[in-house]
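In my numbering, the protein residues as written are 443 to 640. Virtual Cβ for every residue (Gly too), placed ideally from N, Cα, C.
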């Protein structure tokens, strides 16, 4: 037996809950940006994926809050630069805390005691404890839906990788401990890893 639901008869909140509960697990982009005055911002987004490898492109989907762009989207559109910081299981609590509503101009990293480090190519700083930083510049931005959802496409201009996740010049997935977003308030790690039978 199945339940069939018509999205036209559901509230936006109900649609959000259904979609985020069944489109899982999702990687988390912990995005650091700066506004035009240099004020820093740090916020997580799980509507995130890769787009292309040549050039290396990634995409973030960022909905408006009360018909206003969230700080992350506004900063990216203004300065054209951002960093996607890889989230490990050990970073879950601080990452989740940074998802709270902070007033515009408040530096979430400073408020939450999250250590940051200079990036190599772009102005926004990177999360020091993150093993992978994707330093990006804005490639394109499209707008969708009733609530002005921005699909932001960034080109990775620098891969900044910790030696802790590298083996023979490559990222070794066994050395990463990625955190995944599930539905509701749930997160998960990826243990145990599996390989398909051949």
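| Asked | Found |
| --- | --- |
| Cβ neighbour criterion (16 or more within 10 Å) applied to residue 472 | buried |
| The region 585-599 contacting the region 620-640, beta-carbon criterion three pairs below 8 angstroms | no |
| Cβ neighbour criterion (16 or more within 10 Å) applied to residue 523 | buried |
| Buried versus exposed, by CB contacts within 10 Å (16 or more), residue 451 | exposed |
| Secondary structure of residue 588, DSSP reduced to three states | coil |
| Integer-rounded CB distance, given that residue 503 should sit under 8 angstroms from residue 593 | 5 angstroms |
| Span separating the alpha-carbon of residue 507 from that of residue 445 | 31 angstroms |
| Whole beta strand (DSSP E) elements within the region 499-578, 3-residue minimum | 523-528 |
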